[in-house]
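Enquirer:
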Ligand code: BGC
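Numbering (our numbering), first residue to last: 32 to 953.
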């Protein structure tokens, strides 16, 4: 057996060699054909959608030399190579993403089928990709036939501040008969509020919280569902359940700070609008649209609010209401509501789905009849209840992130978010229920009113998120750091919920711009956030103030005196820049460009001699410990950074004049900044960790003083026992600045620190998530749960922004150009760690990098995807110290030695896997 394995190994090796020379190499394979970042999307309204795919191929140095895209009007035509919609022909290009459709104009409500093939470095053509499709939504207003309909439930004016007004959900139904054979049926639906679409007794699609949150006065998104398989001949029933949602319900901290309005920011009554379009086999068409021939009613959902929770009285179920053979004679005629001001558009993002199911790990009974279920990690989502008992029994669920010392859940930190779900039993056997229109941030579920003693079966956790955090892996020799990585992902998942929220539990859950810009690049490593962030940028653009500032959060339903702040408003530049850098997406940059220019003008107007003042609206280095960096310093430094990014983005769009203008602006800011804030000895006038980190990372140091500034930062950190004194802004940039200037060892010391304040401190205290504050909780603090209870979230991704450093430096994966075509592999190999490994699934495919001390040698394993090249930085003093496999690198033809400068060796490699053994690593 051993021998056979050895033989197989040798065969594989020789095969590998032949691939090296690309003799007999297999053709390249095509994976994940996508349109507008989505696989087989329904209902696009982008007139010239963009295509992308990922390539796979054995051997080394594999590239795409050309591609051909074929688009057809039917599956059959596509399979017969009849590209009647668009045939790109053979295009000599290595582009695999952001390829713009250039065929005949796309038609409303039409499905298109497409495939792609590619040619490799030897001009060998691949097979066609598996056929994919996309469909166009309703492109013209004239295509829409529905009315916005709802159900009048009256309005009980509760006292605005002292009691809650939580109206019931509304139910809408329409029964219709189909007597001909159906070829295709599509539903186009939306709501002011939230809706769940039902068809013949079942929910349509998997997404929740539809149609998403926008500034409804500017735009309202709709969804497109292919329902060809859900309809049948005879009676069919379409139904919709609608609730207040962001449109009419409670949002954020309005109640807490007693704003004039606490709910109904966009409208008072939820309503539904949509239509089903049926195409029969005989070619005829039929549309069933929302109108007053539908029926409306209330039902079992008595309360439904995103932050307050849901109440369900199973005794009031209208059993079978969304299926045929139901008597709706008692139902009313729906009320028609005004058409909104916002334009109807197809949803561009990624919708909230159930991404994981959690079984409780344990149940406790901290006081008689109060049961607490532990789901094992701090998530965003809902709990499903399974219960059996007498009719009318009221079971209540409350949610907490941590337990108090007495074992009860902490709810003080939820502030005004009631976050309570109630289920009233109908008393008919085993009943299972989960809410539709609310979600909570929690690890623990408290159950009261349960008939008898529940078992673990009574509660199931449903993790809800708009993203899958499956783009990265990370491992290291430090178990704490591995847990930290898991915690970062958990918290990203919990907060990438329709928009990037600050936290999922308390009365906030807003798209805070500062949090989002700090975390943006980290987010891209852990998940494919291209579509999600495209949607958020539209929100941000919609929310831009008339005078040019980007606001504190987006969407921006209400204001408070501080509407914008340095380092928060800069999200309007920093997020588009990262979309460009990571996904090579210039279209979103173009979309944002006018607004960004306006924002730059706003900053210029506010500045004196190129220095943007902090102003009163400034949180500075929010939640910093022990050191404060002046607001003016923060304002001025972010202005410089914006100018630098604007120059790069203008260049990418081919706006050369603008690029020069912003480059010049950057130089002027840099000069003014240095004059005011940087002393001759290289110190900043502030002398805080954050001040060095920002100035160094943003390139605001005069070139001759930067090394000194970096040395001072390193010295300060060392004197502080390798601990932070930073908040939201400083933390990420300290790590990046230290590594930028060669202080990797110090970065690792902070990274592995377990004393307060550090990431390790939260992990050692049992955290499963990233906390808002460095000291959100301590095991030994008897009063732990009341610590800062009013402003203490245990699920805040901002401090998780270390993921950017983990991937760029510890693992060492970055992009030199935009979109990871030219990759940088530059791991920070340090004696402070035994090994690090990680991978990142970029828009071009999987990149991985691992390093491991083997005695005095270092083993490096690298994987580079097809159609990309990488510069590999190896910190050794001699080329002869490096072997690939068992060969000296100078003997390996697929490796190009680019540079050798006595300090490090820079190699250039193409696609494939590489294994280096390196001696003499510094
Ligand atoms: C949020 C933050 C946000 C901050 C602004 C908080 O309430 O939770 O994450 O950035 O306000 O200071």
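The beta-carbon is built from N, C-alpha and C at its ideal position, and this holds for glycine as well.
1. Helix, strand or coil for residue 352, going by three-state DSSP, please let me know.
2. Rank 160, 180, 269 by C-alpha distance to the C-alpha of residue 208 and give the top, closest one.
3. Taking 7 Å as the cut-off, does the CB of residue 533 come closer than this to any heavy atom belonging to the ligand BGC?
4. Does the Cβ of residue 545 lie closer than 7 Å to at least one heavy atom of the ligand BGC?
5. State yes or no: is the C-beta of residue 661 within less than 8 Å of the C-beta of residue 645?
6. Are there any heavy atoms of the ligand BGC lying less than 7 Å away from the beta-carbon of residue 829, as far as the coordinates show?
7. At which residues does the beta strand (DSSP E) containing residue 764 begin and terminate?
8. Taking the Cβ atom as the reference point for each residue, do residue 650 and residue 584 lie within a distance shorter than 8 Å?
9. Going straight from the alpha carbon of residue 817 to that of residue 446, what length do you get?
10. Under 6 Å Cβ to Cβ from residue 304, same chain only, skipping five residues before and after it: list those, please.
11. So residue 544 is in the beta strand (DSSP E); what residue range does that whole segment cover?
12. Can you determine whether any heavy atom of the ligand BGC sits closer than 7 Å to the C-beta of residue 150, and answer yes or no?
13. Kindly examine the ligand BGC and report whether one of its heavy atoms sits closer than 7 Å to the Cβ of residue 930.
14. In the DSSP assignment, the beta strand (DSSP E) including residue 9 goes from what residue to what residue?
15. Which term fits residue 577, buried or exposed, when burial requires 16 or more other beta carbons within 10 angstroms of its beta carbon?
16. Expressed to the nearest angstrom, what Euclidean distance is found between the alpha-carbon atoms of residue 489 and residue 416?
17. So, helix, strand or coil for residue 882, using DSSP?
18. Which residues does DSSP pair with residue 625 in a beta bridge?
19. Considering only heavy atoms of the ligand BGC, does any lie closer than 7 Å to the CB of residue 432?
20. Of all the alpha helix (DSSP H) runs that stay within the bounds of the region 152-202, which reach a length of 4 or more residues?
21. Please state if the CB of residue 425 and the CB of residue 388 are separated by a distance shorter than 8 Å.
22. Counting only the same chain and skipping the five closest in sequence on each side, list residues whose C-beta sits under 8 Å from that of residue 261.
23. Nearest CA to the CA of residue 630: which residue from 620, 658, 600?
24. Measuring CB atoms only, is the region 676-684 touching the region 742-751, in the sense that at least three cross pairs come out at less than 8 Å?
25. Do three or more CB pairs link the region 246-257 to the region 66-74 at distances below 8 Å?
26. By Cβ distance below 8 Å, which residues in the same chain neighbour residue 754 in space, the five residues on each side in sequence not counted?
27. According to DSSP, simplified to helix, strand and coil, what is residue 805?
28. Between the C-alpha atoms of residue 53 and residue 942, what's the straight-line distance to the nearest angstrom?
29. If you reduce the DSSP assignment to three classes, tell me which class residue 395 lands in.
30. Touch check for the region 185-194 and the region 316-335: three-plus C-beta pairs under 8 Å?
31. Given a cut-off of 8 Å, decide if residue 502 and residue 471 are closer than it, judged by their beta-carbon atoms.
32. What do you get for residue 421, buried or exposed, if any count of 16 or more other CB atoms within 10 angstroms of its CB means buried?
33. Less than 7 Å separating the Cβ of residue 577 from some heavy atom of the ligand BGC?
34. Helix, strand or coil for residue 52 per DSSP?
35. Once DSSP output is grouped into helix, strand and coil, what is the label at residue 211?
36. Please specify which runs of the beta strand (DSSP E), each continuous and at least 3 residues long, are wholly inside the region 439-479, giving them in chain order.
Expert: Concretely, from the data shown:
1. In the structure shown, residue 352 sits in coil (DSSP, three-state: anything other than H, G, I, E or B).
2. Closest in C-alpha terms to residue 208, from the list 160, 180, 269, comes 269.
3. Taken from the Cβ of residue 533, at least one heavy atom of the ligand BGC lies inside 7 Å.
4. Correct: residue 545 has its Cβ closer than 7 Å to the ligand BGC.
5. With contacts defined as CB atoms closer than 8 Å, residue 661 and residue 645 qualify as a contacting pair.
6. Flag set: Cβ of residue 829 near the ligand BGC.
7. Boundaries for residue 764: no beta strand (DSSP E) harbours it, while the alpha helix (DSSP H) harbouring it runs 759-771, taken from the DSSP string.
8. For residue 650 and residue 584, no; Cβs fall outside 8 Å.
9. With a pLDDT of only 48 at residue 817, under 50, the local geometry of the prediction cannot be trusted, and the value read off the model is given with reservation. Taking the straight line from one Cα to the other gives about 12 Å.
10. Same-chain partners within the cutoff: 177, 179, 221, 321.
11. Run containing residue 544: none in the beta strand (DSSP E); it sits in the alpha helix (DSSP H), 544-557.
12. Distances from the CB of residue 150 to the heavy atoms of the ligand BGC are all 7 Å or more.
13. For the ligand BGC, not one heavy atom lies less than 7 Å from the Cβ of residue 930.
14. As displayed, the chain neither begins before 32 nor continues past 953, which places residue 9 out of reach and without an answer.
15. Taking every protein chain shown into account, the CB of residue 577 has fewer than 16 other CB atoms within 10 angstroms, so this residue is exposed.
16. So the two alpha carbons sit approximately 6 Å from each other.
17. Note: residue 882 maps to strand in three-state DSSP.
18. In the DSSP assignment, residue 625 forms no beta bridge with any residue.
19. Not one heavy atom of the ligand BGC lies closer than 7 Å to the C-beta of residue 432.
20. Within the region 152-202, no complete alpha helix (DSSP H) run reaches 4 residues.
21. No. Outside cutoff.
22. Only 216, 230, 231, 233, 235 meet the Cβ criterion.
23. Checking every option, the nearest Cα to that of residue 630 belongs to 600.
24. The region 676-684 and the region 742-751 do not touch, with fewer than 3 CB-CB distances between them shorter than 8 Å.
25. With the cut-off at 8 Å, the region 246-257 and the region 66-74 touch.
26. Contacts found: 748, 781, 784, 786, 787, 788, 789.
27. Coil, per DSSP.
28. Because residue 53 sits at a pLDDT of 44, beneath the cut-off of 50, its placement in the model cannot be relied upon, and the following sentence gives the value as read from the coordinates. Residue 53 and residue 942: Cα-Cα distance of roughly 12 Å.
29. Residue state, collapsed to three classes: strand.
30. No, because fewer than three Cβ pairs between the region 185-194 and the region 316-335 fall closer than 8 Å, the two stretches do not touch.
31. In this structure, residue 502 does not lie closer than 8 Å to residue 471 by Cβ.
32. Counting Cβ neighbours within 10 Å, residue 421 comes out exposed, since fewer than 16 surround it.
33. The nearest non-hydrogen atom of the ligand BGC is 7 Å or more from the C-beta of residue 577.
34. Its pLDDT being 38, under 50, residue 52 is placed unreliably in this model, and the value from its coordinates should be taken loosely. Reduced to three states, the DSSP call for residue 52 is coil.
35. It is coil, neither helix nor strand.
36. With a minimum length of 3 residues, the unbroken runs of beta strand (DSSP E) contained wholly in the region 439-479 fall at 451-455, 462-464, 471-479.
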